[in-house]
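This report concerns only the one structure given below.
There are 2 protein chains.
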Amino acid sequence: MTENSAIRTIPRKSLHEELVDRLQMLIITGELQPGSKVPEKDLCAQFGVSRTPMREALKVVASDGLVRLEPNRGAWVAPLTISEVEEVFPILGVLEALSGELACQNITDDEIEAVRALHAQMIKSYEARDLEAYFSVNQKIHRAILKAARNDTLTASCQALSLRMQRARYLANMSDERWAAAVEEHEQIMDYLARRDGKNLARTLLAHMRGKQASVIKWLKSQGGQV
Amino acid sequence: MTENSAIRTIPRKSLHEELVDRLQMLIITGELQPGSKVPEKDLCAQFGVSRTPMREALKVVASDGLVRLEPNRGAWVAPLTISEVEEVFPILGVLEALSGELACQNITDDEIEAVRALHAQMIKSYEARDLEAYFSVNQKIHRAILKAARNDTLTASCQALSLRMQRARYLANMSDERWAAAVEEHEQIMDYLARRDGKNLARTLLAHMRGKQASVIKWLKSQGGQV
DNA sequence: AACTGTAATTTTGAATTCATAATTTAGTCA
DNA sequence: TGACTAAATTATGAATTCAAAATTACAGTT
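Read top to bottom, the protein sequences are chains A and B.
Every letter in the first sequence is one number past the one before it in this note's numbering, and letter 60, counting from 1, is 60.
The number in this note's numbering is simply the position in the second sequence, starting from 1, with 227 added.
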């Protein structure tokens, strides 16, 4: 039993960094429910660590906005609200637009081909209506563009903000129309990237983000405006 | 001895939050030298706290990029490099541009008048060649615009990135020409804001940031490319 | 004097302990 | 029964302790 359940010590990188990743994942996937209390003690037990590194990790996750610390009352999973979505998506929009412009200045032919391959894969996932696979490849494409932008700070900023929105993407289903529109937008994105047309790529990425925002908000409203 | 030197306990807000602020300040002002080791033990003694909250604060400051944690080797003050400046300023540029657009949509007449007052104060500081005062008011203006944008996430993002650049602004002197140009840009900024001309305000803020970037890089190069 | 290996010391990462604040439970009285 | 108070319990924030890692000091060799 090399691979078993429950308690397992965590090897690679510093304990608190690993815990930051795990906490983020628990929150994004909804295993830790929005608005609920973060069960510090239980999580310590689950991961087999003491409170010290767990609390260090919670401070970091809180500074990214995924949890909220209440003095003497512990940590709470920040709910995803409409107003938060309305705040974050416009920021992500301009950041992704910037990443598009920079990518066009720096991307290599090989990288373009790699993105093209991902794009083809994504289309397949769309045609198979495999949302899971679609999301996964979609993220890879956006990450590839970010990587080509050659700006680690931009990458970090985008990822921190994306995390907060990914909860919605995990839980929300896109409408058929929105999905079709998103795919269409991605065709354009691929096209402008291949031509290294920074201005148009930026414009399209911004519009793409606006589409996502509308879609997420629509879903959030159907959920009663939160989570 | 209610008020004495050295060791003094810290009251308001949680200890680690207060320590985050203090650490940031020590780094921005250069009291903690770029590239040097963060003297954890000494700082604990200086602030009269134990290592636990200090280390929690260091983790948060590290996630903002002001210090770098090396496993088993402690925390080091991140040096300010040319490539970092070249990464951060373009991001700040698009974020401030966005803040300008949003501000124009949301700012009240009273707020415009408040900014106008700050602007006048800044001009006075310029005419008196009081750099200290100039910087201080300048920051207030940018913060007022951010506030008018009604987007707390944007405010937080800008401030986190600004912090990393402020070390340069603290230490660097602007050239006379750059200073004059900056003031001229601020005249335009004031003008477009008063007219609520979002597009032009965004464009001007972006250009303003490019000017700052060039100025900081010029100074950094004169310092041997770092710090 | 420079180099290498080893012991002593210091620093780091994480667990544990401890004081205090918050919450829950139990009990009292109307 | 229900509202209120007080005791007990639990959770939190921070200091302390402890094991492991890194750094420094030092002796012995060339």
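Where is the CB? At the ideal position from N, CA and C, for every residue including glycine.
Exercise for the section: Have a look at A160(A) and R73(A) and give me their C-alpha separation to the nearest angstrom. Expected result: If I take the Cα positions, the gap works out to 25 Å.
Problem - Closest by C-alpha distance to V236(A), when choosing among A75(A), C44(A), S83(A) - result: Outside the shown range of chain A (1 to 227) lies residue 236(A), about which nothing can therefore be said.
Exercise for the section: Would you decide whether G257(B) is buried or exposed? Buried here means 16 or more other CB atoms lie within 10 Å of its CB. Expected result: Its Cβ having fewer than 16 others within 10 Å, G257(B) is exposed.
Handout entry: Boundaries of the alpha helix (DSSP H) in which G100(A) is found, first to last residue
Key = For G100(A), the uninterrupted alpha helix (DSSP H) run begins and ends at 82–106, by DSSP.
Practice task
Sort S449(B), H346(B), A441(B) by Cα distance to Q415(B) and report the nearest one.
Solution key: For Q415(B), the nearest C-alpha among the options comes from H346(B).
Exercise for the section: State yes or no: is the beta carbon of R430(B) nearer than 8 Å to at least one beta carbon in chain A? Expected result: Taking Cβ atoms only, chain A never reaches closer than 8 Å to R430(B), which makes this a no.
Exercise for the section: May I ask you to report which of helix, strand or coil DSSP gives R295(B)? Expected result: Strand.
Practice task
With a threshold of 16 other CB atoms inside 10 Å of the CB of N4(A), please say whether the residue is buried or exposed.
Solution key: Since pLDDT at N4(A) reaches only 30, below the 50 mark, its modelled position is unreliable, and no value is offered.
Practice task
Could you tell me the boundaries of the alpha helix (DSSP H) in which G301(B) lies?
Solution key: Looking at the DSSP string, G301(B) is not in any alpha helix (DSSP H); the run it does join, the beta strand (DSSP E), is 301–304.
Exercise for the section: Compare the C-beta of T153(A) with all C-beta atoms of chain B and state if any pair is closer than 8 Å. Expected result: Yes, contact with chain B.
Practice task
Just tell me which of P306(B), L242(B), S290(B), G275(B) has its CA closest to the CA of Q260(B).
Solution key: With respect to the C-alpha of Q260(B), the residue from P306(B), L242(B), S290(B), G275(B) having the closest C-alpha is P306(B).
Practice task
With 8 Å as the threshold, decide whether the Cβ of L98(A) is near any Cβ in chain B.
Solution key: By this cut-off, L98(A) is an interface position.
Problem - Ranges of the alpha helix (DSSP H) found wholly within the region 240–272 of chain B, counting only runs of at least 4 - result: Taking 4 residues as the shortest admissible run, the region 240–272 of chain B contains the following complete alpha helix (DSSP H) segments, listed from N- to C-terminal end: 242–255.
Handout entry: Residues of its chain near L205(A), where Cβ-Cβ distance is below 6 Å and the 5 sequence neighbours each way are ignored
Key = Correct list, in chain order: E96, A97, G100.
Practice task
Under the assumption that K37(A) contacts W76(A) (Cβ atoms under 8 Å), give the Cβ distance between them as a whole number of angstroms.
Solution key: That pair is a contact at about 6 Å.
Practice task
For S449(B), count neighbouring C-beta atoms within 10 Å of its own C-beta (all shown protein chains included) and say buried if the count is 16 or more, exposed if not.
Solution key: It is exposed - the Cβ of S449(B) has fewer than 16 other Cβ atoms within 10 Å.
Practice task
Could you tell me whether the Cβ of L173(B) comes closer than 8 Å to any Cβ of chain A?
Solution key: Residue numbering for chain B in the displayed model covers 228 to 454; residue 173(B) lies beyond these limits and cannot be assessed.
Exercise for the section: Report the residues of the region 20–48 of chain A with a CB closer than 9 Å to any CB of chain B, ordered along the chain. Expected result: Going along the region 20–48 of chain A in chain order, one finds V20 with a Cβ nearer than 9 Å to chain B.
Exercise for the section: Can you grab the Cα-Cα spacing for the pair K445(B) / G438(B), in whole Å? Expected result: Between the C-alpha atoms of K445(B) and G438(B) there is a straight-line separation of about 11 Å.
Exercise for the section: Please name the residue, chosen from N138(A), C104(A), L146(A), that lies closest to A182(A) on a Cα-to-Cα basis. Expected result: Looking at the Cα atoms, N138(A) is the closest of the given residues.
Practice task
Could you tell me whether the Cβ atoms of R396(B) and F362(B) are closer together than 8 Å?
Solution key: Yes, the pair counts as a contact, with Cβ atoms nearer than the cut-off.
Practice task
Taking 8 Å as the threshold, find out whether the region 143–154 of chain A comes into contact with the region 105–118 of chain A through three or more Cβ pairs.
Solution key: Flag = yes, the region 143–154 of chain A and the region 105–118 of chain A touch.
Practice task
Have a look at I7(A) and L23(A) and give me their C-alpha separation to the nearest angstrom.
Solution key: Low per-residue confidence applies at I7(A): pLDDT is 29, beneath 50, and the placement is therefore not dependable, though the value from the model is reported in the following sentence. Distance from the CA of I7(A) to the CA of L23(A), rounded to the nearest whole angstrom, comes to 16 Å.
Handout entry: 8 Å Cβ shell around E412(B) - same chain, five flanking residues per side excluded
Key = Around E412(B): T431, A434, H435, G438.
Problem - alpha helix (DSSP H) segment containing V216(A), residue limits - result: For V216(A), the uninterrupted alpha helix (DSSP H) run begins and ends at 198–222, by DSSP.
Handout entry: Alpha-carbon to alpha-carbon, E132(A) and A144(A)
Key = Using only the alpha carbons, I get a separation of about 19 Å.
Practice task
Report buried or exposed for R164(A), applying the criterion of at least 16 other Cβ atoms within 10 angstroms of its Cβ.
Solution key: By the neighbour-count rule (16 or more Cβ atoms within 10 Å), R164(A) is buried.
Handout entry: Closer than 8 Å to chain B by CB, M1(A)
Key = With a pLDDT of 32 at M1(A), under the threshold of 50, the predicted position of this residue should be treated as unreliable, and no value is reported.
Handout entry: Of the residues G262(B), P266(B), E283(B), the one placed nearest H243(B), counting alpha carbons only
Key = Selection G262(B), P266(B), E283(B) evaluated against H243(B) yields E283(B) as nearest (Cα-Cα).
Handout entry: Member of M190(A), I112(A), K13(A) whose CA lies at the smallest distance from the CA of P298(B)
Key = Of the candidates M190(A), I112(A), K13(A), the one whose C-alpha sits nearest the C-alpha of P298(B) is K13(A).
Exercise for the section: Anything in the region 135–146 of chain A with a Cβ closer than 7 Å to a Cβ of chain B? List those residues in chain order, please. Expected result: None of the residues of the region 135–146 of chain A has a beta carbon lying less than 7 Å from any beta carbon of chain B.
Handout entry: Start and end residues, alpha helix (DSSP H) containing Q166(A)
Key = Following the DSSP letters along the chain, one finds Q166(A) inside the alpha helix (DSSP H) bounded by residues 152–171.
Handout entry: Burial state of G275(B), where buried means 16 or more other Cβ atoms lie within 10 Å
Key = With a 10 Å radius around the Cβ and a threshold of 16 neighbouring Cβ atoms, G275(B) comes out exposed.
Exercise for the section: Return the CA-CA distance between R195(A) and L26(A), expressed in angstroms with no decimal places. Expected result: The alpha-carbon atoms of R195(A) and L26(A) are separated by roughly 39 Å.
Problem - Partner residues on chain B for T81(A), Cβ-Cβ distance less than 9 Å - result: Residues of chain B with a Cβ closer than 9 Å to the Cβ of T81(A) do not exist, since the nearest Cβ in that chain sits about 11 Å away.
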